[in-house]
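Everything below concerns the one structure shown next.
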Amino acid sequence: MTEPTARPTRAQQRRQTEDRILTAARQLFAERGYDRTTIRAVASSAGVDAGLVMHYFGSKDLLFARVTETAPAPDVFQAATGGGAGAEAGELYGGTPDEATEALLTSLGRRLTDEPESSLAVLRSMLTNADAADRYRTAAQPQLDQLTEAIPAPDADLRASLLSAIIHGVIAERYLLRLTNLADASPEQIITLLRPCFESLTTAPADDAADGQG
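Be aware that the sequence shown starts at 422, since it is given in our numbering, and climbs by one per residue.
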């Protein structure tokens with residue numbers, strides 16, 4: 422005799438509904454950006470009433486914050502060893518230029534293969550919404566600071582910013598602008614071409630290294 426299936430508790434039902442709304446919102450923010458995504462569209466995609474979305478999340482801005490709360494910083498600079506977003510924070514580079522380079526290239530290679538919708542939601546939205554851009558900058562700053570500390574050069578902050586710009590540009594052109602050559606290139610091709618550039622930016626200039634020995 423088949424055992425009756427236990428009915429989900431009210432708390433479980435709430436979590437399932439929230440997860441369904443977040444999944445729908447993540448997809449719509451990634452496809453349309455912040456300004457073109459509406460609460461009504463999210464509710465329709467999730468199969469719920471718009472009032473329920475507001476009841477659970479309060480506003481579109483708070484819903485966007487939930488969708489992207491772990492996406493910006495970890496997805497930009499992920500550790501070469503992998504793992505969850507929480508495990509990656511604070512141990513991204515190991516403190517050496519070579520490890521920083523490998524961490525950045527490994528992260529970029531992973532994103533070129535399978536870009537997370539939450540990260541795309543941030544990238545698309547930050548181009549058109551000032552609040553989304555501010556939230557992204559705040560979340561990404563600690564990782565950018567850590568990258569700067571790993572680069573042994575007087576202009577380390579500029580070098581770290583250039584590395585960040587390269588990563589954002591490659592991702593935006595591959596997934597948002599969809600330029601043919603970049604969209605069709607294999608991750609391996611892209612990483613191979615970028616490696617000398619990344620190594621150059623994370624390594625101290627020869628003159629600085631000579632000064633340090635003198």
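By construction, the Cβ of each residue, glycine as well, lies at the ideal position given by its N, Cα and C atoms.
Pick from the options: whose alpha carbon is nearest that of residue i?
i	options	result
residue 522	432, 451, 570	570
residue 449	604, 603, 544, 433	544
residue 572	617, 622, 430	622
residue 549	435, 451, 434	451
residue 609	464, 527, 473	527
residue 555	435, 485, 444, 443	485
residue 546	464, 459, 431	459
residue 558	579, 585, 576, 577	585
residue 435	465, 453, 463, 469	469
residue 578	601, 562, 590	562
residue 568	464, 432, 519	519
residue 444	464, 428, 432	464
Give the secondary structure of residue i by DSSP, where H, G and I count as helix, E and B as strand, and everything else as coil.
i	result
residue 618	helix
residue 427	coil
residue 602	helix
residue 612	helix
residue 548	coil
residue 534	helix
residue 569	helix
residue 512	Note that residue 512 has pLDDT 44, beneath the 50 cutoff, so the model's placement of it is unreliable and the number below is only indicative. Of the three classes helix, strand and coil, the one that applies to residue 512 here is coil, per DSSP.
residue 472	helix
residue 586	helix
residue 461	helix
residue 542	helix
residue 522	helix
residue 576	coil
residue 528	helix
residue 563	helix
residue 517	coil
residue 466	helix
So, using beta-carbon positions, are residue i and residue j closer together than 7 angstroms?
i	j	result
residue 461	residue 471	yes
residue 594	residue 583	no
residue 529	residue 588	yes
residue 455	residue 541	no
residue 574	residue 625	yes
residue 446	residue 488	yes
residue 483	residue 619	no
Margin query: Taking contact to mean 3 or more Cβ pairs, one atom from each stretch, closer than 8 angstroms, check whether the region 476-484 and the region 425-444 are in contact.
Written below: yes
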